[in-house]
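Protein chains: 2
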Amino acid sequence: MISVIKVLVLDDEDAIRSFIRVNLKRHNFFVIEAATGEEALEKAEQNKDIKIALLDIMLPGIDGLEVCKCLRKEYPTIGIIMLTAKGQEDDKITGLSGGADDYVVKPFSPNELIARINALLRRMNVLSPQENTQRKALFSGPFMVNLDNRKVLKNEQELELTPKEYGIIKFFIENDNKAMSRNEILDEVWGKNYVGDVKVVDVNIRRLRQKIETDPANPQFIERVWGFGYCWRGGD
Amino acid sequence: MISVIKVLVLDDEDAIRSFIRVNLKRHNFFVIEAATGEEALEKAEQNKDIKIALLDIMLPGIDGLEVCKCLRKEYPTIGIIMLTAKGQEDDKITGLSGGADDYVVKPFSPNELIARINALLRRMNVLSPQENTQRKALFSGPFMVNLDNRKVLKNEQELELTPKEYGIIKFFIENDNKAMSRNEILDEVWGKNYVGDVKVVDVNIRRLRQKIETDPANPQFIERVWGFGYCWRGGD
DNA sequence: TTATTTTTGTAATATTCCTTTAACAAGAAA
DNA sequence: TTTCTTGTTAAAGGAATATTACAAAAATAA
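Chains as they are written, first to last, in our numbering: chain A, 19 to 254; chain B, 19 to 254.
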């Protein structure tokens with residue numbers, strides 16, 4: 019049974035809140051937003067079942083650290099992740115000693131944020147075993163790569179991938195929208211010591227396309243980059 | 019999630035502020051202007067989320083260096099680029115030791131300024147990965163060359179370029195407004211070992227023009243330089 | 001172990017797309 | 001005009017990629 023997980027997001031920048039909201043919603047989190055420390059505490063009061071709080075440290079007025087301490091005191095079971103800008107490294111320690119469970123350094127990718135939240139949820143033991151496994155994963159478009167059991171889903175549908183195919187799609191999704199040369203793929207998936215023709219990449223790409231593309235003759239996820247290699251287009 | 023990046027521009031000359039404003043806006047920066055040091059500090063006070071400050075050094079009253087030091091002290095995470103006039107080279111050291119992150123020597127081209135800002139933003143790590151990718155790009159007039167996924171846009175519209183065409187336009191834009199001989203182009207795009215007629219350059223230029231010029235019969239971006247080669251005119 | 005299945009690499013062929021060549025036209029300079 | 005440079009076009013040629021079949025190797029099961 020998949021219970022909805024409520025996440026409180028505190029950041030004064032609209033753009034960042036919006037960025038976080040969109041990405042959390044995509045992963046079925048219920049998002050509660052706050053632009054100020056006061057608002058955050060208010061929202062927490064109203065929603066006792068918040069599981070995770072994402073708190074920006076740098077804020078006008080009551081800052082993220084204050085909010086962190088208050089939340090920790092009032093709701094000891096809540097998971098707290100601090101959002102810190104690079105260069106505020108010192109704040110990490112401050113944040114963690116202030117009762118936070120983890121921190122994410124801006125800029126973070128949606129996938130990193132999701133990964134941190136999922137990791138924290140796992141540590142907090144609020145997940146059922148199924149959910150627990152489900153949350154060790156990469157996401158891209160309709161794909162989910164479960165790093166735990168090495169299974170890949172497309173639209174909740176399991177794909178039957180071979181080890182090489184799994185390696186390729188994982189590498190691609192880790193490098194969304196970046197053109198990768200055959201040799202980069204070879205080094206990553208086959209290892210730097212591999213001796214043999216680079217052409218193996220082509221053949222394996224072909225097999226992978228056969229399995230993941232809606233119309234393998236007109237690939238939309240694995241794009242070819244003439245004279246260079248291939249490029250993953252998750253489309254997020 | 020393209021969050022707007024606020025840039026503070028301090029220069030006493032209207033013309034220069036205007037020049038910078040126009041070009042920054044073109045690249046989706048939010049521009050905050052100040053004509054005096056006092057005004058700059060005021061504006062900074064009002065806009066805590068300024069990411070980048072462009073400060074002219076030579077100013078009546080509080081000069082750019084003073085402003086730099088104040089900003090650095092009050093807002094340590096802000097990125098500071100000094101604008102120095104040619105001949106004030108000494109100021110470079112002064113500027114950087116005063117806490118600046120970079121400097122640009124006047125007169126500068128819009129593209130140089132944008133490139134410096136983007137490079138600094140990347141160093142500052144304030145960009146989300148997507149933005150970061152977006153900013154690993156070259157700009158020239160309506161063109162954007164994404165170095166990450168090797169795509170070229172003209173007015174946000176993707177162009178379908180072949181590898182050679184991509185190589186040529188990239189080389190051109192890296193050398194905006196500089197006449198390039200056929201052999202320089204050949205060496206860069208085809209490689210120094212290439213054996214064959216230099217004429218391939220002409221033919222490929224022709225095809226590239228076909229794809230990028232509004233009126234290929236009257237090229238405005240790729241200009242011919244009689245008896246020498248070609249020259250890119252981004253028009254910034 | 002042996003047998004069976006699955007996965008992977010190789011190689012040959014086909015296909016598509018890109019590059020080069022070459023011949024001619026047009027334009028500029030002498 | 002004559003000569004040289006550049007632009008245009010078409011077609012040949014070549015290179016990169018896709019596809020396929022088969023064999024080898026590895027993993028799995030009996």
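Ideal Cβ placement from N, Cα and C applies to all residues, glycine included.
For Gly-97/B, the residue or residues it bridges with in DSSP: Ile-70/B
Pick from Gly-209/B, Ser-158/B and Asn-65/B that is closest to Gln-238/B, judged by C-alpha positions: Ser-158/B
Just to confirm the assignment, what range does the alpha helix (DSSP H) spanning Val-271/A have? Since the displayed chain A opens at 19 and closes at 254, residue 271/A lies outside it and no answer follows.
Against chain B: residues of the segment 185 to 201 of chain A by CB proximity under 7 angstroms: Asn-195, Lys-196 and Ala-197
Report, in whole angstroms, the separation of the C-beta atoms of Val-163/B and Ile-191/B, which I expect to be a contact under 8 angstroms. 6 angstroms
Extent of the continuous beta strand (DSSP E) to which Gly-247/B belongs: 247 to 250
In or out: Arg-224/B buried (at least 16 other Cβ within 10 Å) or exposed? exposed
The beta strand (DSSP E) that contains Ile-75/B, what's its start and end? Taken as a continuous stretch (DSSP letters only), Ile-75/B belongs to no beta strand (DSSP E), as it is neither H nor E.
Which residues of the segment 65 to 96 of chain B have a Cβ closer than 9 angstroms to any Cβ of chain A? Give them in chain order. Lys-66, Asp-67, Pro-94 and Thr-95
Express the C-alpha separation of Ala-33/A and Ile-20/B in angstroms, rounding to a whole number. The pLDDT assigned to Ile-20/B is 40, lower than 50, so where the model puts this residue is not dependable; a value taken from the coordinates is nonetheless given after this. Between Ile-20/B and Ala-33/A, the C-alpha separation is close to 8 angstroms.
Going by CA-CA distance only, name the one from Asn-167/B, Leu-177/B and Asn-136/B that's closest to Asp-161/B. First, the amino acid is wrong: residue 161/B is Phe here, not Asp. For Phe-161/B, the nearest C-alpha among the options comes from Leu-177/B.
Arg-153/B: buried (16+ other C-beta within 10 angstroms of its C-beta) or exposed? buried
Thinking Ile-38/A and Lys-69/A are a contact (beta carbons under 8 angstroms), I'd like their distance in whole angstroms, please. In fact, because the Cβ distance is near 15 angstroms, the residues do not count as touching under 8 angstroms.
Cβ closer than 8 angstroms: which chain A residues qualify as neighbours of Arg-153/B? Residues of chain A with a Cβ closer than 8 angstroms to the Cβ of Arg-153/B do not exist; the shortest Cβ-Cβ separation is about 11 angstroms.
Under 7 angstroms, CB to CB, which of the residues in the segment 236 to 254 of chain A have a partner in chain B? Val-243, Trp-244, Gly-245, Phe-246 and Cys-249
Report all residues from its chain with a CB closer than 7 angstroms to the CB of Val-122/A; omit the five preceding and five following residues, and keep chain order. Ile-99, Leu-101, Glu-130, Leu-131 and Arg-134
Near Val-25/B, what residues of its chain come up, given a Cβ to Cβ distance below 6 angstroms and the 5 sequence neighbours on each side ignored? Leu-42, Phe-47, Val-49 and Ile-70
What does DSSP give as the partner residues of Thr-102/A in its beta bridges? Listed as beta-bridge partners of Thr-102/A by DSSP are Val-123/A.
In whole angstroms, what separates the C-alpha of Gly-245/B from that of Pro-234/B? 21 angstroms
Kindly give me the distance between the Cβ atoms of Asp-166/B and Lys-196/A, rounded to whole angstroms, as I take these residues to be in contact under 8 angstroms. Sure, about 5 angstroms apart at Cβ, within 8 angstroms.
Are the Cβ atoms of Ala-58/B and Asp-30/B separated by less than 7 angstroms? no
Let's see if you can read the secondary structure: which residues bound the alpha helix (DSSP H) around Ile-53/B? A small fix is needed here, since residue 53/B is Ala in this sequence, not Ile. According to the DSSP assignment, Ala-53/B belongs to no alpha helix (DSSP H), since it is labelled neither H nor E.
Please identify the residue among Leu-145/B, Leu-138/B and Gly-82/B whose C-alpha is closest to the C-alpha of Ala-103/A. Leu-145/B
Buried/exposed call for Arg-227/A, threshold 16 Cβ in 10 Å: buried
Looking only at C-alpha atoms, which of Gly-247/A, Gly-252/A and Gly-79/A sits nearest to Lys-217/A? Gly-247/A
Per DSSP, what kind of secondary structure is Arg-90/B in: helix, strand or coil? helix
Would you say Val-219/B and Gly-185/B are within 7 angstroms of each other, going by their C-beta atoms? no
Residues of chain B with a CB under 9 angstroms from the CB of Ala-133/A: which are they? Near Ala-133/A there are no residues of chain B at all, since even the closest Cβ is about 13 angstroms away, more than 9 angstroms.
Cα-Cα separation, Asn-72/A to Glu-149/B: Note on residue identity: the sequence assigns Leu, not Asn, to residue 72/A. Looking at the two C-alpha atoms, the distance is approximately 21 angstroms.
If we ignore side chains and look at the alpha-carbon of each, how far apart do Arg-35/B and Gly-55/B end up? 14 angstroms
In angstroms, rounded to a whole number, what distance separates the CA positions of Leu-87/B and Leu-77/B? The amino acid at residue 87/B is misidentified as Leu; the sequence shows Lys. Approximately 15 angstroms, taken between the alpha carbons.
Arg-90/B versus Gly-117/B: straight-line alpha-carbon distance, rounded: 6 angstroms
Is the CB of Asp-120/B under 7 angstroms away from at least one CB in chain A? no
Helix, strand or coil for Arg-242/B, going by three-state DSSP, please let me know. strand
Could you give the DSSP three-state label for Val-22/A: helix, strand or coil? If DSSP states are grouped into helix, strand and coil, Val-22/A belongs with coil.
Closest Cβ-Cβ distance between Asn-222/B and chain A: below 7 angstroms? no
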